[in-house]
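A.B. asks: Residues in the sequence shown are numbered from 344 upward in steps of one, following the numbering used here.
Even glycine gets a Cβ: it sits at the ideal position worked out from N, Cα and C.
To start, I am sharing the structure in question, which I have written as structure tokens.
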Amino acid sequence: MSVSSSKQRKRVFSGVQPSGSLTIGNYVGALQQWTREQHHYESFFCVVDLHAITVPYDPAELRAKTREVAALYLACGIDPAISTVFVQSHVPAHSELTWLLNCVTPLGWLNRMTQFKDKAARQQADSVATGLLDYPVLMAADILLYQTDVVPVGGDQRQHLELTRDIAQRFNNLFGETFTVPEAMIPPSGARIKGLDDPLAKMSKSLTESEYHAVYLLDPPDRASKKIMRAVTDSGRDIRFSDDPEKAGVNNLLEIYEAFTGETREAIEAHFAQARGYGDLKKQVAEVVNAALQPIQQRYRELTSDGHFIDELLAQGAQRASLVAKATFARARENMGFLMPPD
Ligand code: AQP
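In structure tokens, the structure reads:
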């Protein structure tokens, strides 16, 4: 595959933080879309390690999870022959462009971000890192560096995508056409899978207080089943899609079933009309989830059996990504009035 800095096809960029073990929420919101869209776009899939250090973390865990997440991209179906897979910190232009964008991003825009408020609220107020507030500007730099047209993400990232568009437009207005203004691609169903232990909260890989919160992509089948069988529901029997917060647990299970089978809502409701209560629903959700996870786990084991394969792939990916990122960064700095650096 050849990658050039000028665009041959429309581009996709997306990433996941190595901030924990990937969940079925990450799969449905991000990876499932990526594997499909890589055939229609020139695609860049990044392990966004610089984002993972915006909250307290363990360095050894970060190293291990960075490789694990990259291997899971491939195990889920990202094909390195047609897509570029790389680690964010291997391409310095991500940090460099962030500084330039920081200087055109009003602070008020960042103060409005709900993810910052949620994550800051989980920490002692005096230990919240400046990087956590700046997270969406780094995300804007990630996306804009690749002149990205489309960003496939879960619904929780919609606000950050809007901010990226605002930053791109402000930069282009101030300094002339520099960045493509990207569009979000949010899946029609499963855009926001909820916690199994708390169906009003988003399922997140970094929420590890309860072992029944999330199904991880590398969970063995019995563990995944146990978590799904213990999912919080309500005291009724009606198995229907619903916006009623009382029915959020059942709705979440149905959305998971929908995302993993691709069936229509009408067909799913008809299928469960004869079910003998929520136990039946949970059992069948566990079956479809495990059926999808088994081949992913098998492929993950194969990919990681060679200790060097993932590192070599990431080195090639960083080279390809750098070609594009450097060209955009040079254009941005020139348009902002910087002298070009001596060779
Ligand atoms: N519950 C979810 N349902 C659908 N999509 C989801 N995504 C995350 N959770 C769900 C999507 O997965 C990608 C991962 O993005 P990220 O790792 O950069 O950060 P995030 O959105 O904050 O995801 P997590 O799992 O909640 O991570 P932590 O716990 O570290 O904050 C994005 O496309 C996201 O939309």
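What I want to know is whether the C-beta of Val359 ends up closer than 6 Å to one or more non-hydrogen atoms of the ligand AQP.
C.D. replies: Looking up residue 359 in the sequence shown gives position 16. True, at least one ligand heavy atom lies under 6 Å from that Cβ.
A.B. asks: Below 7 Å between beta carbons: does that hold for Ala591 and His433?
C.D. replies: For the purposes of this step, residue 591 is taken as the residue at position 248 of the sequence shown. For the purposes of this step, residue 433 is taken as the residue at position 90 of the sequence shown. It is not a contact, given that the beta carbons lie outside the stated cut-off.
A.B. asks: Leaving out five residues on either side along the sequence, give the residues of the same chain with a beta carbon under 6 Å from the beta carbon of Ser568.
C.D. replies: Against the sequence shown, residue 568 aligns to sequence position 225. So the list reads Ala629, once near-sequence residues are dropped.
A.B. asks: What residue range is occupied by the uninterrupted alpha helix (DSSP H) comprising Ala661?
C.D. replies: Looking up residue 661 in the sequence shown gives position 318. Phe652 to Met679 is the extent of the alpha helix (DSSP H) around Ala661.
A.B. asks: Within the stretch 401–488, note down every full alpha helix (DSSP H) run reaching 4 residues or more, in order along the chain.
C.D. replies: Runs found: 402–418, 436–445, 450–454, 457–464 and 473–488.
A.B. asks: From the DSSP secondary-structure annotation, give me the bridge partner or partners of Gly358.
C.D. replies: For the purposes of this step, residue 358 is taken as the residue at position 15 of the sequence shown. Looking at the DSSP assignment, Gly358 forms a beta bridge with Cys389.
A.B. asks: Taking C-beta to C-beta, are Thr647 and Ala414 nearer than 7 Å?
C.D. replies: In the sequence shown, counting from the first residue as 1, residue 647 sits at position 304. In the sequence shown, counting from the first residue as 1, residue 414 sits at position 71. Going by C-beta atoms, Thr647 is nearer than 7 Å to Ala414.
A.B. asks: Compute the distance between the beta-carbons of Ala463 and Val471, then report whether it is under 7 Å.
C.D. replies: Taking the sequence shown and counting its residues from 1, one reaches residue 463 at position 120. Taking the sequence shown and counting its residues from 1, one reaches residue 471 at position 128. Yes, the pair counts as a contact, with Cβ atoms nearer than the cut-off.
A.B. asks: What is the DSSP secondary structure of Lys350, counted as helix, strand or coil?
C.D. replies: Position 7 of the sequence shown, counted from the start, is the residue given in the question as residue 350. Three-state DSSP puts Lys350 in coil, outside helix and strand.
A.B. asks: I need the DSSP call for Phe366, collapsed to helix, strand or coil.
C.D. replies: Here residue 366 is taken as the residue at index 23 of the sequence shown, counted from 1. Note on residue identity: the sequence assigns Thr, not Phe, to residue 366. In the structure shown, Thr366 sits in a strand (DSSP, three-state: E or B).
A.B. asks: For Ala668, which of Leu506, Val447 and Phe522 has the nearest alpha-carbon?
C.D. replies: Stepping through the sequence shown from its first residue, residue 668 is reached at position 325. Measuring from the Cα of Ala668, the nearest candidate turns out to be Phe522.
A.B. asks: Sort out for me which residues DSSP pairs Met528 with in a bridge.
C.D. replies: Here the question's residue 528 lines up with position 185 in the sequence shown. BP columns for Met528 point to Pro495.
A.B. asks: Using the beta-carbon count (16 or more within 10 Å), is Glu554 buried or exposed?
C.D. replies: On the sequence shown, position 211 is the one that residue 554 refers to. With fewer than 16 other Cβ atoms within 10 Å, it is exposed.
A.B. asks: If we cut at 7 Å on Cβ distances, does Asp565 have a partner in chain D?
C.D. replies: Of the protein chains in this structure there is only one, and it is not chain D.
A.B. asks: Just list the residues that DSSP pairs Tyr559 with in beta bridges.
C.D. replies: In the sequence shown, residue 559 corresponds to position 216, counting from 1. Tyr559 is bridged to Thr366.
A.B. asks: Helix, strand or coil: which one does DSSP assign to Lys545?
C.D. replies: Translated into positions along the sequence shown, residue 545 becomes position 202. Correct three-state label for Lys545: strand.
A.B. asks: Whose CA, out of Pro564, Leu624, Val371 and Asp477, lies closest to the CA of Arg583?
C.D. replies: Mapped onto the sequence shown, residue 583 falls at position 240. Of the candidates Pro564, Leu624, Val371 and Asp477, the one whose C-alpha sits nearest the C-alpha of Arg583 is Leu624.
A.B. asks: The alpha helix (DSSP H) with Glu589 in it runs from where to where?
C.D. replies: On the sequence shown, residue 589 is found 246 positions in, with the first residue counted as 1. No alpha helix (DSSP H) holds Glu589; DSSP gives it neither H nor E.
A.B. asks: Could you tell me whether any non-hydrogen atom of the ligand AQP is closer than 6 Å to the CB of Asp477?
C.D. replies: Position 134 of the sequence shown, counted from the first residue, corresponds to residue 477. Because no heavy atom of the ligand AQP lies under 6 Å away, the Cβ of Asp477 does not count as near it: no.
A.B. asks: With distances taken between CB atoms, is the gap from Phe672 to Ile486 smaller than 7 Å?
C.D. replies: Reading the sequence shown from its first residue, position 329 is the one you call residue 672. Reading the sequence shown from its first residue, position 143 is the one you call residue 486. Taking 7 Å as the Cβ cut-off, Phe672 and Ile486 do not qualify as a contacting pair.
A.B. asks: Just how far apart, CA to CA, sit Arg566 and Asp649?
C.D. replies: If you number the sequence shown from 1, residue 566 lands on position 223. If you number the sequence shown from 1, residue 649 lands on position 306. Distance between the alpha carbons of Arg566 and Asp649: 26 Å.
A.B. asks: Taking the straight line between their C-alpha atoms, what separation do you get for Thr448 and Gly622?
C.D. replies: Here residue 448 refers to the residue found at position 105 of the sequence shown. Here residue 622 refers to the residue found at position 279 of the sequence shown. Their backbone Cα atoms lie some 50 Å apart in a straight line.
A.B. asks: So, using beta-carbon positions, are Pro361 and Val412 closer together than 7 Å?
C.D. replies: In the sequence shown, counting from the first residue as 1, residue 361 sits at position 18. In the sequence shown, counting from the first residue as 1, residue 412 sits at position 69. Contact flag set, yes.
A.B. asks: Taking the straight line between their C-alpha atoms, what separation do you get for Asp422 and Leu657?
C.D. replies: Locating residue 422 in the sequence shown gives position 79, where the first residue counts as 1. Locating residue 657 in the sequence shown gives position 314, where the first residue counts as 1. Those two C-alpha atoms are separated by around 13 Å.
A.B. asks: Under 8 Å, with one C-beta from each stretch per pair, do the stretch 364–371 and the stretch 510–527 reach the 3-pair mark?
C.D. replies: No, the stretch 364–371 does not touch the stretch 510–527.
A.B. asks: Under the DSSP definition of a beta bridge, which residues are partnered with Lys625?
C.D. replies: Residue numbering aside, residue 625 sits at position 282 when the sequence shown is read from its first letter. DSSP output for Lys625 lists no bridge partner at all.
A.B. asks: What residue range is occupied by the uninterrupted alpha helix (DSSP H) comprising Asp565?
C.D. replies: Sequence index remark: in the sequence shown, residue 565 carries index 222 (1-based). Residues Pro564 to Met572.
A.B. asks: Are Lys570 and Val558 closer than 7 Å when you measure CB to CB?
C.D. replies: Taking the first residue of the sequence shown as position 1, residue 570 is located at position 227. Taking the first residue of the sequence shown as position 1, residue 558 is located at position 215. Their beta carbons are under 7 Å apart, which means Lys570 touches Val558 by this criterion.
A.B. asks: If you check the beta carbons only, do Phe603 and Ala635 fall under 7 Å apart?
C.D. replies: What you label residue 603 is simply residue 260 of the sequence shown in a count that begins at 1. What you label residue 635 is simply residue 292 of the sequence shown in a count that begins at 1. Going by C-beta atoms, Phe603 is nearer than 7 Å to Ala635.
A.B. asks: Looking at the secondary structure, which residues open and close the alpha helix (DSSP H) in which Thr521 lies?
C.D. replies: Position 178 of the sequence shown holds residue 521. Looking at the DSSP string, Thr521 is not in any alpha helix (DSSP H), and its letter there is neither H nor E.
A.B. asks: For Lys548, verify whether its CB is less than 6 Å away from any heavy atom of the ligand AQP.
C.D. replies: As a working mapping, residue 548 is identified with position 205 in the sequence shown. Within the cutoff, so yes.
A.B. asks: With the cut-off set at 7 Å, would you say Cys285 and Leu488 are in Cβ contact?
C.D. replies: What is shown of the chain runs 344 to 686, which leaves residue 285 out entirely.
A.B. asks: Cβ atoms of Asp540 and His556: under 7 Å apart, would you say?
C.D. replies: Here residue 556 corresponds to residue number 213 of the sequence shown, with the count starting at 1. Here residue 540 corresponds to residue number 197 of the sequence shown, with the count starting at 1. Yes; because the gap between Cβ atoms is below 7 Å, this pair is in contact.
A.B. asks: Would you say the beta carbon of Asp499 is closer than 6 Å to some non-hydrogen atom of the ligand AQP?
C.D. replies: As a position in the sequence shown, residue 499 is number 156, starting the count at 1. Checking the Cβ of Asp499 against the ligand AQP gives yes.
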